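Novice:
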Amino acid sequence: MFPSSRRAKLLAAWLLAVVLMLRCGTAAELISADQLAVVKATEAARIASIEKVYGSVVAIYGNDRQGGGSGVLYDPDGYALTNYHVVNAAGKDGWAGLADGKLYRWKLIGLDPGGDVAIIRLEGQDKFPVAALGDSSAVRVGDWAMAMGNPFVLAEDQKPTVTLGIVSGVKRFQPGAGKNMLVYGNCIQVDSSINPGNSGGPLFNLQSEVIGINGRGSFKERGRVNVGVGYAISMEQIRTFIPELLATKIAQHGTLDAVFTNRIGGVICSKINLDSTIARLGLELGDRLVSFNGRKITDANQFTNDLSMLPAGWPVQVGFQQGQGTRHVWLRLDALPYGSTKKTPARPKKIPPGRQLPIKPKMSLDKPGVVRDAKVNRRESARVLRDWGRFALGEKRLNKVPAYRFEEDIYEGGKKTGSQTVIRGLDGRFRVEQTSGELPKTTGWDGQVYWSQQAGDKAAKLDAAKAPSGDHLGQGVALGPLAGEKAVEHFAKIELEGADRSQNRRAYRLRTEDKQGRRRYLWFSMYDAMGRPQVQLLKTSAGRDGDPADRTMTYLDYRDVEGVQIPHRRRQVQRLYEGNMKEFVVTKCEPIVELAKDAFAMPTDTKTK
Amino acid sequence: MVCSLNNHKAKRWFSLPAAVLVAAVALGHTALAAEPENVFASAIAHAQRRCVKIYGAGIGRVEGYATGLIVSADGQILTGQGVFLSGTNIRVVTPDGRMHYAKVLRRSTALQIALLKIESATPDFFEVPEKSPVAKGDWVLAVTNLFKVADRAEELSVSLGVVSLRTRLDARRGTQDVPYDGEVLITDAITSNPGAEGGALITIDGQLAGMVGKIIESKSTNTRLNYAVPADLLQKFLAGVATSTTSPKGKGGAKLGIRLFTLTGTKRAPAYIDRVLPNSPAAKAGLKKDDLILSIDKEIVHDIRGYGKLVKLLTPDEEITMLVKRKREILRILITPTGPKTDATKK
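Chains as they are written, first to last, in our numbering: chain A, 93 to 701; chain B, 7 to 353.
1. Would you identify the three-state DSSP class for E215/A, choosing helix, strand or coil?
2. Considering just the uninterrupted stretch of the beta strand (DSSP E) at L214/B, what are its terminal residues?
3. Using a Cβ-Cβ cut-off of less than 8 Å, list which residues of the region 225–254 of chain A approach chain B; keep chain order.
4. Could you tell me whether any Cβ in chain A is nearer than 8 Å to the Cβ of V99/B?
5. Beta strand (DSSP E) containing T134/A: first to last residue?
6. Under 8 Å, Cβ to Cβ, is there at least one residue of chain A near D211/B?
7. I'd like to know if the region 379–393 of chain A and the region 151–164 of chain B are in contact, where contact means that at least 3 CB-CB pairs between them fall below 8 Å.
8. Please classify M694/A as buried or exposed, where buried requires at least 16 other C-beta atoms within 10 Å of its C-beta.
9. Can you tell me whether M327/A is buried or exposed? The criterion is at least 16 other CB atoms within 10 Å of its CB, across all chains shown.
10. How many Å lie between L152/B and S92/B at the Cα?
11. Could you tell me which uninterrupted beta strand (DSSP E) segments, each at least 3 residues in length, are contained entirely in the region 153–235 of chain A, listed from first to last along the chain?
12. Closest Cβ-Cβ distance between M609/A and chain B: below 8 Å?
13. Measuring only between beta-carbons, confirm whether V321/A sits less than 8 Å from chain B.
14. Please name the residue, chosen from P294/A, L425/A, Y430/A, that lies closest to A237/A on a Cα-to-Cα basis.
15. Based on the DSSP output, what are the partners of S383/A in its beta bridges?
16. Specify the secondary structure class of D465/A as computed by DSSP and reduced to three states.
17. Within 8 Å (strictly less), CB to CB, does N44/B reach chain A?
18. To test your reading of the DSSP string, which unbroken beta strand (DSSP E) runs of 3 or more residues are found completely within the region 471–524 of chain A?
19. Quick check: the region 114–125 of chain B against the region 64–81 of chain B, are there 3 or more CB pairs under 8 Å?
20. Between the Cα of K354/B and those of F131/B, I264/B, V45/B, L117/B, spot the shortest distance and give me the residue it belongs to.
21. If you draw a straight line from the alpha carbon of D620/A to that of Y146/A, how long is it in whole angstroms?
22. Mind checking if R264/A is an interface residue toward chain B, Cβ cutoff 8 Å exclusive?
23. Quick check on Y107/B: buried or exposed, where buried means 16 or more other Cβ atoms within 10 Å of its Cβ?
24. What residue ranges within the region 264–343 of chain B form continuous beta strand (DSSP E) runs of no fewer than 3 residues, ordered along the chain?
25. Which residues of chain A have a Cβ atom closer than 7 Å to the Cβ of D157/B, listed in chain order?
26. How would you call H177/A, buried or exposed, if buried means at least 16 neighbouring beta carbons within 10 angstroms?
27. Residues of chain A with CB under 7 Å from I50/B, in chain order?
28. Secondary structure at N287/A, three-state DSSP: helix, strand or coil?
29. Run through chain A and tell me which residues come within less than 8 Å of I196/B, C-beta to C-beta.
30. Can the beta-carbon of N175/A be found less than 8 Å from the beta-carbon of G307/A?
31. Kindly list, in the order they appear in chain A, the residues whose Cβ is closer than 9 Å to that of E161/B.
32. Would a check of beta-carbon distances place G623/A closer than 8 Å to chain B?
33. Is the Cβ of S456/A closer than 8 Å to any Cβ of chain B?
34. So what does DSSP say about I210/B, is it helix, strand or coil?
35. Quick test of your reading: T644/A and V665/A, contact by CB under 8 Å. State the CB separation rounded to the nearest angstrom.
36. Is there a Cβ of chain B sitting closer than 8 Å to that of S310/A, yes or no?
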């Protein structure tokens with residue numbers, strides 16, 4: 093009936109089916125229904141966690157649609173993280189493939205050659221699928237780790253490849269290449285397959301959170317194939333650097349410009365640049381490092397790891413022992429330079445084993461630490477203000493209340509020294525009746541004029557140039573025009589300067605100037621305590637480093653009042669450590685539905701001082 | 007017949023060890039619960055306290071570092087046979103980050119393993135089981151000092167895999183240079199990396215299943231074998247040390263029948279053969295006067311003294327490879343040493 097060969101094939105197929113049936117039959121006997129259900133549930137959960145973020149994984153190509161790396165979208169506006177070395181090869185723009193099978197245009201936003209990170213922005217969708225950024229400091233050895241990306245540029249339909257493994261090591265340090273480039277400090281080591289093309293792609297935990305960006309493997313011995321040893325840049329580090337990159341900078345890493353070595357008796361300063369900030373603050377050769385950022389230091393490697401995650405300009409506290417005494421100083425980290433791209437070494441240097449081949453920067457790295465694209469930077473500043481507005485007023489802006497009345501207590505040195513009643517308008521106008529000190533005082537801003545009135549005196553106009561640098565802005569700003577819809581237009585100039593720290597939180601630091609050229613710095617948080625994006629006003633100041641003359645104010649304890657997030661404590665602070673000078677605690681806060689026309693106006697019969 | 011065979015295979019395949027199920031259950035939890043559980047954490051922590059980093063000599067591309075397993079409370083450490091043991095300074099870094107000097111107690115050419123000792127109490131040590139705790143399909147974790155990425159007290163690297171099978175490796179020379187001779191556990195965890203040799207292969211409840219073997223690489227395909235010496239063989243090796251004190255193994259009993267050229271009067275002189283005793287292993291293997299001995303079983307022979315040391319470690323009736331230089335040629339010679347004469351005949 094059939095040709096013999098075909099019959100044989102049929103027979104073989106039939107036999108296979110029988111065998112498969114037998115296997116299943118045996119399985120049912122040896123593994124209970126409950127156990128099978130658990131295995132299936134486990135598998136289903138894993139598949140679900142992959143599906144949740146599958147769409148956020150990006151395949152990155154250059155303009156020639158050649159080459160390739162990976163990336164991950166973390167912001168619905170199209171922002172994706174990848175490796176510097178991927179972007180360096182691809183160029184300043186190119187094509188990006190998503191799991192939907194489509195190619196999108198991408199443009200470079202910012203670079204961190206030192207940490208091997210870059211941010212690109214995809215165009216072509218209003219709301220891109222994103223993955224949540226996780227907390228890599230909670231990652232432990234033995235945790236499951238899923239890598240996704242486009243290894244060997246396999247995916248012609250742009251669908252990412254998933255490889256599952258475990259975390260093999262944490263807090264690893266992999267030395268860099270070239271001058272201060274591609275340093276993997278405090279990174280995550282995984283046995284998930286990381287191959288060429290995986291570079292820049294996300295490393296997920298099973299909760300579908302990005303815990304790192306896969307960037308390299310121990311490839312040195314056997315060519316560029318997976319040997320079960322991959323390294324991912326920790327999300328802890330990347331989170332800190334994001335504002336630097338969004339500011340369109342070539343981000344620089346921080347340094348104390350001093351070398352510390354393990355010696356008997358501790359971690360000792362063995363080399364120091366006498367021009368460095370820390371040297372000017374008194375650190376000397378032979379001093380023992382005891383703490384860094386509040387963490388006890390017992391090992392030079394541990395210190396190197398901690399330091400490698402911080403950008404230049406980051407405020408840190410350094411504790412060191414000098415002779416018999418121990419000192420704690422605060423400073424902003426100096427910047428690690430990159431090698432000039434113009435110079436080419438006369439002779440190829442021999443690479444010591446274990447080192448990566450030095451990368452050839454195709455893009456100029458000659459001006460690190462400065463804003464490269466003012467237009468993009470302004471857009472990023474506007475996004476920060478927009479997100480602050482969404483936080484403060486809610487996304488739908490249901491609130492129509494024009495102003496609030498606050499009863500506040502004033503504390504100095506832990507003691508209550510007075511109280512005040514404040515009316516703050518959502519448009520930024522305010523009126524403060526203060527009863528601290530000897531005489532009650534009233535100050536206000538009606539939108540045009542700053543004024544002040546001592547009890548029994550006549551009201552007086554304040555110098556418009558000096559007034560905002562007093563604590564007046566701090567009095568008014570928390571509700572002020574910053575949260576308005578067109579907040580960015582309120583300023584003559586605005587620039588996202590980069591990453592900073594305030595209230596021990598990661599922050600965006602913005603520098604603003606009004607029409608009169610008066611500078612004001614604003615700090616906004618990046619994440620809430622759970623690590624989710626949250627843009628909250630943290631600090632305002634006339635200066636960057638909290639000089640007492642700058643009238644620096646921090647904002648804490650946000651609470652919802654009629655749909656508006658209002659800080660219930662404000663602190664007048666000083667210096668990088670934000671030392672508390674004066675605290676305003678809200679005891680009562682109520683909306684004012686009907687605002688009198690002259691609520692903020694300067695009392696009449698005035699004279700200009 | 008066909009059915010029964012497949013049935014048997016099927017049973018093997020589905021006899022999911024409890025461990026895998028435990029892991030699967032916990033994995034289910036990790037994916038669903040808010041606070042993730044790390045099912046491997048306790049096994050890993052157990053092993054981390056019982057593994058050491060070993061540093062010694064390195065030659066060329068052969069790295070001078072490895073991993074070791076603490077197997078007794080008085081500082082006995084199992085590791086692989088490697089170049090790192092050939093120098094005079096073998097340094098062992100215990101999990102607390104302290105460094106100790108170690109001496110080699112014993113070696114096994116067949117298993118390519120060695121037993122070291124440090125002069126320090128090590129209260130945490132691996133119980134080496136007499137019976138292998140793993141079967142095909144079981145999950146295992148490898149805890150190793152690969153690529154030297156962990157320094158001082160930093161934790162060793164951990165990778166996950168399953169036991170693919172237990173099989174026999176035959177010592178072979180030539181294209182597949184396999185010094186190992188015995189049964190191994192093949193895993194799909196990539197363990198064949200520099201420094202991983204001597205690492206712990208543990209079950210996911212922390213029992214010692216084996217010790218990661220030294221790198222075996224195919225010269226033709228550049229692929230490597232990921233394998234471990236099964237724990238039961240390790241146990242036999244350890245037990246052998248304790249019981250067979252009269253055994254000639256490694257006690258310098260092996261004879262090759264070679265006299266070296268010692269006229270120069272220094273022990274640093276190169277190991278040229280002066281005379282090959284008739285009917286000796288050397289004569290049978292075809293060694294000749296004026297051959298320069300370069301290496302014995304991959305250990306480099308620097309001089310006459312080095313030759314003497316290496317010969318002392320040989321086991322009678324166990325074939326070894328010797329590299330010799332004859333005029334302009336380098337020859338690979340297979341040679342089987344004979345045992346020592348008994349005390350009675352000596353007298």
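Heads up, the beta-carbon is just placed ideally off N, CA and C, and yes, glycines get one too.
Just so it is clear, the structure is predicted and the values come from calculations on it, not from any experiment.
Specialist: Concretely, from the data shown:
1. Of the three classes helix, strand and coil, the one that applies to E215/A here is strand, per DSSP.
2. Counting along the chain, the beta strand (DSSP E) containing L214/B begins and ends at 214–218.
3. Taking 8 Å as the Cβ-Cβ cut-off against chain B, the residues of the region 225–254 of chain A that qualify are R232, V233, G234, D235, W236.
4. Using a Cβ-Cβ cut-off of 8 Å, V99/B does not count as an interface residue toward chain A, since no Cβ of chain A sits closer than that to its own.
5. Following the DSSP letters along the chain, one finds T134/A in no beta strand (DSSP E) but inside the alpha helix (DSSP H) bounded by residues 125–146.
6. No, D211/B lies away from the interface with chain A (no Cβ there is under 8 Å from its Cβ).
7. These segments touch.
8. Buried, since its Cβ has 16 or more Cβ neighbours within 10 Å.
9. By the beta-carbon neighbour count (other beta carbons within 10 angstroms, threshold 16), M327/A is buried.
10. C-alpha separation (whole angstroms): 20 Å.
11. Runs of the beta strand (DSSP E) inside the region 153–235 of chain A: 161–167, 171–174, 185–189, 195–204, 209–215.
12. The sequence given here has Gly at residue 609/A, not Met. Not closer than 8 Å to any Cβ of chain B, the Cβ of G609/A fails to qualify, so no.
13. Under the 8 Å criterion on CB atoms, V321/A is classed as interfacial with respect to chain B.
14. The shortest C-alpha separation from A237/A is found at P294/A.
15. DSSP links S383/A through a beta bridge to K388/A, G411/A.
16. Coil.
17. Chain A, which has a Cβ nearer than 8 Å to the Cβ of N44/B, makes this yes.
18. Counting whole runs of 3 or more residues, the region 471–524 of chain A contains the beta strand (DSSP E) stretches 495–504, 507–517.
19. Output reads yes: the region 64–81 of chain B touches the region 114–125 of chain B.
20. A query on residue 354/B cannot be resolved here, the shown segment of chain B reaching from 7 to 353 and no further.
21. C-alpha separation (whole angstroms): 25 Å.
22. Chain B, which has a Cβ nearer than 8 Å to the Cβ of R264/A, makes this yes.
23. It counts as exposed.
24. Runs found: 264–266, 279–282, 298–302, 326–332, 335–341.
25. Those within 7 Å of D157/B in chain A are N393.
26. Buried, since its Cβ has 16 or more Cβ neighbours within 10 Å.
27. Result: V233, G234.
28. N287/A falls in the coil class under three-state DSSP.
29. Residues of chain A whose Cβ lies closer than 8 Å to the Cβ of I196/B are, in chain order, D283, N318, V319, G320, V321.
30. At the C-beta level, N175/A and G307/A come within 8 Å of one another.
31. For E161/B, the neighbours in chain A by C-beta distance under 9 Å run, in chain order, V233, G261, V262, K263.
32. Under the Cβ criterion of 8 Å, G623/A is not counted among the residues facing chain B.
33. Not one chain B Cβ lies under 8 Å of S456/A.
34. Coil, per DSSP.
35. Your pair T644/A and V665/A checks out as a contact, with CB atoms roughly 5 Å apart and the cut at 8 Å.
36. Residue contact check for S310/A against chain B: a CB pair falls below 8 Å.
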